[in-house]
Every structure is written in structure tokens, then in C-alpha cells.
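Read the structure below first, then the notes.
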Amino acid sequence: MPASTTIEVKLSHDEIKIEPGGTAQLQVEIANASDQPDTIGLEVEGLDYEWVAIPVPTITLDAHARGTEKILLKIPRRSESAAGAYPFVVRARSLETGATAVAPVTLLVEPFAALSIELYPRRGVCSYWKPVSEFEVTVHNLGNTPLDVRLYANDPDDVGVYTFEREVLSLQAGASETVVLSAEPSRRAMVGRSQIASFTVTARCVDNAYVAVHTQGQLYTRPLVSPVTLSVLGLLLLALGVWAFTRPKPVEILEFAVEPSTIQQGGTAVLRWHVANASEISITPDIGVVKEAAGSRQVLPAQTTTYHLMARGRGGVAEKEVILTVLPAPEPPPPAILSFKAEPSQVTKGDPVILSWQVRNATKLLLSPLGELDPLLTSVRDTPALTTTYTLVAINSAGRKVEKKVTVKVRDPNALEVLEFKAEPAVITAGGTVTLRWRVQAASRVIIDNGVGEVAPQGETVVSPTQDTTYTLTAMNDAGEVVTKSVKVTVTTTPPVTTPPSVNPAPPGR
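Numbering (my numbering), first residue to last: 404 to 913.
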């Protein structure tokens, strides 16, 4: 958007110098040249937002008034804050009209130099056969300008000689480089004492001697043979001679076995052992310490087990293991319900019933709805209040189940019920007769259709249907309840075929 003459911006500096890690303040004078009050916002364009802070980003000015605000600049002290000139602008924008005014300024980030140094490992070892120890020296340029760095290493007693892979390093801002430092003793001794030399590694800027860092390391130098080593060798030779004459016999496990090596669950096996030159013998698990050098134990593990024998003595320690495999026990035979019956199968309400059964291979019996039973029982007595289906469940030791059901019908003597209604015979030839028999309980009125009519609650009658006929008995009580039952009589045109009884022919001669 083009600048407007209604807003004017004036800065306290055209150029600001800051060393990374430092801060600077820029005064901003803002003028409202319009005839109306205005609210004006301040913005900085062209700089990293982390470098800029505007404490009061907006200012309200009356017509033709002026005001001053400040902008704080802080440059982080790190290598990413590169030295150089950073031109930027301060923009003032009217929040009422959108008019803007800008003022240019240059930020000069001054160079700074800083180094760090690392040594790995901190301690090196040199011996007669390995006279050179190598270290890694890593130098970091923590400043914001490139640096040429020279490396030095020395110890105050000149015990070692130190050589760098490269002595001068050129490091860009924020960069690091690792070189190898080789250290070796100034002289190698075959016999003498070990020495530890502390040495210093220095990294110094070539152009500015005041920019330098140091780190410490140690060089441990061992001779081929030390006086202590000579003394120890002599003592070892003497001890070897004594040991050769007095050494104890080694511990031996002559036998450690299990018989049989495979059993089924619930079976037993025998552990046998024979140990020589041992003062302590232990077998795990379960057995523990045993006193006999040769012996046996019977074991009964529930699962496959590894037995561990440990024998200790002056001659050392000996160990051996054997495995006893335990196979699962064979699956038990399935349960079976040979019979399950109720006597009688139909009772009057209040009368008992005897439930009896025969089962095989069962360790648990469940009788619903009565519950769990003793597996040794073969019968139980119950008095059902209503028609009940009893379920017998037989379970073996493996949890396998089998079940059988029986139903007991319970008759209520006070309930309306057709106890019997039948036709004899149910099939006749045309012109034949049929006897209808019935027995009804608690009925005030009984009717049979198809011409029979109202009858007594119990009785029989003879009918002669001319065609297939279904007779329906309807019973009613004083409460208005109604029950029915039907029988069918089939009428054929030809008499049913009957097979005469067979007669054995008389033998000849009779």
C-alpha cells in the first residue's frame, strides 16, 4: 500500500550496532498529521521475529499529535547470529484508514569469537609393545564468523610426545571438526615404574591469541616389567611349585541319572548319583543337600523337571543336569448315563416321584432343578408342584459332560382336565360301530359333537359313523373355563386285512 502523508515516522538511529548476546533500543517518533484522532500500529519488517520486541505495539494519537514508542532488539549469542548488516524497516500503520509510513534502518551484528574443545578418551595407555595411544580432539566454533584454529599439546615434564593429524583447522561459524592426536612416551623402558602424565590440549585462534580453549588428558605409561611384577612372578613360581605338590584332586561326578527318564503324571522315578572328591553335594529342586557321595532318591514331580547336581570340594566345583520328562495322564473314559427314569411319570399334585439312574465314569452328578448330588447315589425322591423336566448331568474327572432328561407330568385334581378321550377301534368298515370312552376331571358340563350331545363327566357311548369323522369333547366348569380334546375315526369301504395265525403242518405219518 503506498505511504500516506497523514502518518510520519522518525527513528532515533539510522544504524544500530549490537554484539550477539547484547541488546539495543530504537526510539520511534510517530506523528498523526490528519485532522482526526487515530490508532497507529508499529511493525518491524526484515528481521527475525525472535530478535525484535515491541513493548507497546499500538499508540493512539489525537489530530496533529506526536508520540514516542520504543523497539527492543536482542541478538542471541550463538553462531546462527551471523555477523553482518541487516537492513530492515519500521512501519507505522493506521488502524482506522490503513495508511502507512515506513522508516529504514540498518542493524549491524558485530562478530564474536568463541571456541570449545573435547578430548576422547580422557586417559590413554601406552605400553612397551603398544607405545602409541590415540585420542580424538574435537573443536567447535561457537562464534558467528569463520576462524582458523591452531592446536597444541604438551605436558610439564615432557613425558610424552604429541602429534596432531592436522595442526591448523579452518572452521566456519557453528562448525566443528575432529582430528586424531597421537601420544607416545619420550622413552620406552623395559623395567621401571608406571607413570601418569597430565597433558594439556589447547585450541587457539590464529588471528586472535586471546581466543583459546584448553582441555586436560592423561597418558599412562607402563614398562615391560615393573619391580612389583618381578616380585610377583617370583612368588607365583614358588606358589606353583607348592601347588604342584599339594593340589587337591578335582571334583568328579561319576554318575547322575534318573530311571526311568519318562513317566506319566502320578508316577515315580529314581535319581542316582555317585560323586568323588566332594565335600558338599546338593540336588535341586526338592532334594537339597545330601550327605552320601553315592545314593538314590525317589521323586514324584507333577511336571517335566530338570534336576541339577552341584558338587563342591577343594578341587573345585562340578555340575550336571538330568531331565525327567512327565507325560500327561491318559484321558479318563467319557461319562455315560445308562438309564434315567421317573416312577411314576405322571402324578397327582402332592404325590412324590422317584427319580432313578445308572451312570458310569462320573465323578460329579448334577440334577436340575435339585442341584448337585453325591455320585454314589442312584435315586432320589422329589415332590414336584407342577409338570417338571428333570435334567441329569454326569461329569468325569476331565470335565467332559453328558446329560439326559425325563419329564414328570403333575396333575392338579381340582383343575379342569380331559384325562381320557379315545375311540376304539379308531378304524372301522362302513356299517361298523365305535366305542367312545372319556373321563373328565372337575367339569360341570361335558359335550361331544357330531350327534352325541351332552354326557356325564365319565362314561362311554357307541357310535356308527358313515364316513371319516372327528369327535370333539368340550368340557366346561363353573368358572367358565373350557378345554377340548378330539379323536378321529376312519371309515373304510373294505374290511381291514387280517393275517390268519400260521399253523405248522403235521409231520407225515400222523
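Using N, Cα and C, we set each Cβ at its ideal position, and we do this for glycine too. Just so it is clear, the structure is predicted and the values come from calculations on it, not from any experiment.
If you draw a straight line from the C-alpha of glutamine 575 to the C-alpha of proline 490, how long is it?
-> 23 Å
Nearest-angstrom beta carbon gap, leucine 627 and cysteine 529 [assumed within contact, 8 Å] = With 8 Å as the limit, cysteine 529 and leucine 627 do not qualify as a contact, their Cβ atoms being about 12 Å apart.
Measure the Cβ-Cβ separation of isoleucine 757 and serine 782 and say whether it is below 8 Å.
-> yes
Boundaries (first-last residue) of the beta strand (DSSP E) holding aspartate 610 = Careful: aspartate 610 lies outside any beta strand (DSSP E) and carries neither H nor E.
How would you label valine 678, buried or exposed, when you count the other beta carbons within 10 angstroms and need 16 or more for buried?
-> buried
is_contact[tyrosine 793, chain D] using C-beta, thresh 8 Å | Absent from the structure: chain D. Only one protein chain is present.
Kindly indicate the opening and closing residues of the beta strand (DSSP E) around isoleucine 656.
-> 655 to 662
Assign valine 535 to one of two classes, buried (16 or more other C-beta atoms within 10 Å of its C-beta) or exposed (fewer than that).
-> exposed
Is the number of C-beta pairs between the stretch 493 to 502 and the stretch 441 to 452 that are closer than 8 Å three or more?
-> yes
Contained alpha helix (DSSP H) runs [length at least 4] in the stretch 828 to 873, N- to C-terminal order | none
Leucine 522: which of Ser437, Arg569, Gln619, Pro507 sits nearest, CA to CA?
-> Gln619
Alpha-carbon spacing of leucine 584 relative to serine 519, whole angstroms | 17 Å
Does the beta-carbon distance from valine 729 to isoleucine 666 come in below 8 Å?
-> yes
Looking only at its own chain, which residues have a Cβ that is under 6 Å from the Cβ of alanine 600, when we skip the five neighbours before and after it?
-> Asp558, Val562, Gly563, Leu622
By the 10 Å Cβ neighbour count, where 16 or more other Cβ atoms means buried, how is asparagine 853 classified, buried or exposed?
-> exposed
Using the Cα positions of valine 750 and leucine 703, report the straight-line distance between them to the nearest angstrom.
-> 56 Å
Name the DSSP beta bridge partners of serine 415, please?
-> None, per the DSSP bridge assignment.
Check tryptophan 760 in the structure and name its three-state DSSP category.
-> strand
Work out the CA separation of valine 540 and serine 589 for me, nearest whole Å.
-> 21 Å
Comparing alpha-carbon positions, which option in Gln668, Tyr452, Lys767, Arg717 lies nearest leucine 780?
-> Lys767
Nearest-angstrom Cβ-Cβ length linking phenylalanine 538 and alanine 606, presumed shorter than 8 Å | Not confirmed; about 14 Å, so no contact.
Cβ neighbour criterion (16 or more within 10 Å) applied to serine 771 | exposed
Sorted by chain position, which residues of the same chain lie with C-beta nearer than 8 Å to glutamate 580's C-beta, five sequence neighbours on each side aside?
-> Thr541, Val542, Leu572, Leu574
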